[in-house]
Each structure stands twice: as C-alpha cells, then as structure tokens.
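Take a look at the structure set out below.
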Amino acid sequence: MLRSSLVPLIYTQTLQLDASAVRDSAALTLMSVDIERISSGLRYFREIWASPIDIGLALWLLQQQLGVAAAALLSLIRIPPVFTIVCTLSGLLVAATMGARQRQWLEAIQNRVHATSSMLNSIKEIRLGGLQGHAAKKLQDLRSKEISESRPFKEVLAEFSNSAALNRYIYVPESLAEQMQLEHGEYVDIRRTSKPDIYCVRILKGARIFIPRAMKFSHTVAGLIPTGWDTRTYGIPEEIITQVDRVTIFTLVCTVEALISAGITDPYELYQYIHVSDVAICIGSGIGGISSLGKMFSGRFMDKDIQRNILQETFINTIGAWVNMLLLSASGPIRTPEFDLIAYLQNGLQVDEMEAVSITSFGFGQKGAQAICVHPKYLFATIRREAYEQYMDRRIARQKKVDAYFYQGINSNTLFKAKSVPPFSPLEEEQAFLNPAVRFPK
Numbered sequence: 001m002l003r004s005s006l007v008p009l010i011y012t013q014t015l016q017l018d019a020s021a022v023r024d025s026a027a028l029t030l031m032s033v034d035i036e037r038i039s040s041g042l043r044y045f046r047e048i049w050a051s052p053i054d055i056g057l058a059l060w061l062l063q064q065q066l067g068v069a070a071a072a073l074l075s076l077i078r079i080p081p082v083f084t085i086v087c088t089l090s091g092l093l094v095a096a097t098m099g100a101r102q103r104q105w106l107e108a109i110q111n112r113v114h115a116t117s118s119m120l121n122s123i124k125e126i127r128l129g130g131l132q133g134h135a136a137k138k139l140q141d142l143r144s145k146e147i148s149e150s151r152p153f154k155e156v157l158a159e160f161s162n163s164a165a166l167n168r169y170i171y172v173p174e175s176l177a178e179q180m181q182l183e184h185g186e187y188v189d190i191r192r193t194s195k196p197d198i199y200c201v202r203i204l205k206g207a208r209i210f211i212p213r214a215m216k217f218s219h220t221v222a223g224l225i226p227t228g229w230d231t232r233t234y235g236i237p238e239e240i241i242t243q244v245d246r247v248t249i250f251t252l253v254c255t256v257e258a259l260i261s262a263g264i265t266d267p268y269e270l271y272q273y274i275h276v277s278d279v280a281i282c283i284g285s286g287i288g289g290i291s292s293l294g295k296m297f298s299g300r301f302m303d304k305d306i307q308r309n310i311l312q313e314t315f316i317n318t319i320g321a322w323v324n325m326l327l328l329s330a331s332g333p334i335r336t337p338e339f340d341l342i343a344y345l346q347n348g349l350q351v352d353e354m355e356a357v358s359i360t361s362f363g364f365g366q367k368g369a370q371a372i373c374v375h376p377k378y379l380f381a382t383i384r385r386e387a388y389e390q391y392m393d394r395r396i397a398r399q400k401k402v403d404a405y406f407y408q409g410i411n412s413n414t415l416f417k418a419k420s421v422p423p424f425s426p427l428e429e430e431q432a433f434l435n436p437a438v439r440f441p442k
C-alpha cells in the first residue's frame, strides 16, 4: 500500500517539473531505490509500538499460568538505562555518517539508470552499429562502480562454527560437492539429484563457515588519478590492460609522454645514434604490482576468477620489463633502485658570478661520494646570444609539434603504439648483438 501511494506522488511531482531541470533517471531512481528504502525503513517502524505490546501480552499470559512467580521474570528482562543510552547514541553516530555515503551511492545508481535508459532508447542504432558489446561493457562498468560506491570498506572473512544444521539444501556441481566433502567430511550431507552433474548439499552442525563482513578503513592517499581516466584513451590494447597491473599501465603511459615531450615519437629513433645495449631502464617501486598482489591472495581465497600468470605481475622488476618489451626493445640492463644511498644537501658554494651546491651521499657503505650541481642558466650563459635564441626557437617549435602530436594521439586513441618487431631485421640480428658499433637507421 505504501509503495502504491509513493509511486503516483513522485510521478505527479515529476510531471510538474521543468523538463530541462530533471532527467528521466532521477524519477526512475526515486521510484525504484528511494521507495524501496522508505518501505524497508518503515517496515521495522512498527516494532517501536508492537514490541512493548508483545512483551506485555506475553507477561500477562505467563502470569495467568504461574501467578506471582511470573514477577521474577521482570528482573531478567530489565535493561539497564545506561546500556539503552549507549546503544541509542551509537546508532545516532552511525546514522550521521550515512548521508554522504548514501548520496554517492544514489548518484552512481542514477548514472547507471540514465545510461540504461539512453541505450534502450537508442537500441536500434546500437544494433545497427554493432555496438552491443561496448554498450554491455559500459553498463557493467557502471554497475561495478555503483557497487563500489555502496561499500567504501574492505571485505574480510569471519569464520564461524555452525551450531545447528541448515534446513535447506544447496545445489552445486559435482566437482564443488567433492571439494566440500573433502573439506568438511562428516559435517556435510551430500546427495545425488536427478541430474547427473548436480548434487544437493546440506551443511550440518559443527561445520566451519566463512561469512564475508565489511570493515571500514581510512588510508593516506599518496596520489590521485582523475575521475574518468581510462587507459584506452591512449590506445593501449585490451589484452594488455587485462594482463598487466595498474601500476604498469601508469608507467607505460608516463614513458610514452616522457618520450613525446622530448620530441621522440618513435623510441626506435634512439638506435640511429646509440646501440641497443646502451639503452637501460631504471624504474623503482616500493612494493610492485599492489593490485595484482591483492588479487593473488584475497581474490583466490574468495574464489574469484583470477588470471593464472598473475604472479609475475607482483614483481618489482616486471614493470620495467613491460616497458622494454612493449616500447623500447632494448638489450641494455634493467635496474631496480635499492636506495642503499641517500643524498643530502651539504653546503652551498658561491664563487664569482656563479652559484652551486655540493651534494654528499651516505649509506651503509659510507661511500661519501660528492657531486656539484649547477643551474642550467649558467650553462646557457656560456654560449653566444644568437645560438641561445636559435636553441629557444627550435625548442618552442618542437613543443608545438609535441602538443599537436599529443592531442592527435589522444583524439584518435593512438598515442601508445606497442612494438611487435625488433628495431632490426632477422638478417641483422647477429650483427646487432655482436657489434656494439652498429646503428639502425629508420
């Protein structure tokens, strides 16, 4: 009755609003989500007045049977006032934090409903264009985002010992039934069904059950990725996105942007001037593929579908290996910084017409190495003004070309171009590895 009353009210109010001020998804969200929340909330509202009546009626019936002895139960059901106040205040504190989280969740629901409504209105065009897969993937991503917004917490498993046998059977495949029998033994009742590959299983008393529970957490953010940032915009293929860790994706994009900023649109241009063994990669990381680590441990424990070769994505040096394989194709060393040495600013040096600083390193080996740092402006001051102006003109022209190339690559999703062949032909392979003086012009 409550639902049937709320739907016409919201529908009538929506018709009275300006069409430009409201989206269809807002009305659909109100009719589906908000009505369900109001109905479920009021469903327990009657307990406020029903519970005292229920308890009073039960005590009266008990008094009819036991007489004065029923008064002894009052001492057992008394709830201390302090406990009641603590529970009430705890509920108020929890409720105070629910508003912001619920708004984020409802916005995610509204975005998904709006996208679904728009796709249904254009279903004919989507089918004619062969975009069913893309549309389904878009809706699935919105649904996943909606779920993540509804639970800003970590998921953990709590182990419980079943104190009573479950009343219902669950139907599972034969392989899963065998695994449950192997784990729980006499604490499960497994029976065949009319279907050859389906078994019914009942959990008995004494079986151990893992139940997911939510735990809120707070963390310090070391870096933020803009909302809507998508690696596909740069042209990274889908098979690479699903294969590598998210940190590796960031590194690949940063490497491409760094090369383009230096005016290098094709990394193989380097081998016109230096040998393939002279190009090294030095990329550091604190822990490696953190998302792959989470999938490898918690994902498999939760029986989620995890790629079989995910172990390699957790290594620290895997990031540099992907950069080399997909972009550089170099045969030089891949070094991971170990941070055995720390450099600190020791003192400043000032001579006539020049300022510099001295940097000293220290560490476990007490190397004591020193370096002198000079600002580039002093190096520019050593060249003639005409040469400096020519350099600045070339730099500005290069930057304009870099910006144009970058924008074109973003618009066409071709900024990232994975290498599929080495910089040399099969006939040049032996010479490339044995002759350090060989170069490979484009």
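Note that our numbering numbers the sequence shown so that position 72 is 72, with each residue one more than the last. Just so it is clear, CB atoms sit at the ideal spot from N, CA and C, and this is done for glycine as well. It should be emphasised that the depicted structure is a prediction, and the values quoted were computed from it without experimental measurement.
Subject >> Own chain, CB closer than 7 Å to Leu259, minus 5 neighbours either side, in chain order >> reply: Pro267
Original post:
From Pro426 to Gln132, what does the alpha carbon distance come to, in whole angstroms?
Top reply: 42 Å
Original post:
Per DSSP, what kind of secondary structure is Ser163 in: helix, strand or coil?
Top reply: coil
Original post:
Near Arg246, which residues of its chain fall below 7 Å by C-beta distance, leaving aside the five closest residues on each side in sequence?
Top reply: Ser291
**OP:** If I'm right that Val172 touches Val201 with Cβ under 8 Å, what's the distance once you round it to whole angstroms?
**Re:** 6 Å
Subject >> Outcome for Arg127 when other beta-carbon atoms lying within 10 angstroms are tallied against a minimum of 16 >> reply: exposed
Original post:
So, helix, strand or coil for Tyr169, using DSSP?
Top reply: coil
**OP:** Look up Tyr199 in the DSSP assignment and give the residues it is bridged to.
**Re:** Val172, Arg192
**OP:** Below 6 Å CB to CB, which residues in the same chain sit around Phe443 once its five sequence neighbours on both sides are set aside?
**Re:** Lying before the first or after the last residue shown, residue 443 is absent from the chain, which here runs from 1 to 442.
Original post:
For Val279, which residues of its own chain have a beta-carbon under 7 Å away from its beta-carbon, when the five flanking residues on both sides are left out?
Top reply: Leu270, Leu328, Ala330, Gly332
**OP:** Find the nearest neighbour of Ile274 within the set Ser175, Leu204, Pro423, judged by alpha-carbon distance.
**Re:** Pro423
Original post:
Which first and last residues belong to the alpha helix (DSSP H) in which Gln408 is found?
Top reply: 385 to 412
Original post:
Any idea what DSSP makes of Arg246, helix, strand or coil?
Top reply: helix
**OP:** With DSSP collapsed to three states, give me the class of Gln64.
**Re:** helix
Original post:
Can you tell me where the alpha helix (DSSP H) with Ile290 in it begins and where it stops?
Top reply: 290 to 294
Original post:
Ordered along the chain, which non-local residues of its own chain (more than five positions away) have a Cβ less than 6 Å from that of Ala165?
Top reply: Leu204, Lys205
Subject >> Helix, strand or coil at Arg335 according to DSSP, with G and I counted as helix >> reply: strand
Subject >> Exposure of Ala207, with buried meaning 16 or more beta-carbon neighbours within 10 Å >> reply: buried
Original post:
In terms of residue numbering, what span does the beta strand (DSSP E) encompassing Ala371 cover?
Top reply: 370 to 374
Subject >> Coil, strand or helix - Ser118 by DSSP >> reply: helix
Original post:
What's the C-alpha gap between Arg143 and Asn435?
Top reply: 56 Å
Original post:
Rounded to the nearest angstrom, how far is the Cβ of Thr248 from that of Gly289, given a contact under 8 Å?
Top reply: 7 Å
Original post:
What do you reckon, are the CB atoms on Ile281 and Ile316 nearer than 9 Å?
Top reply: no
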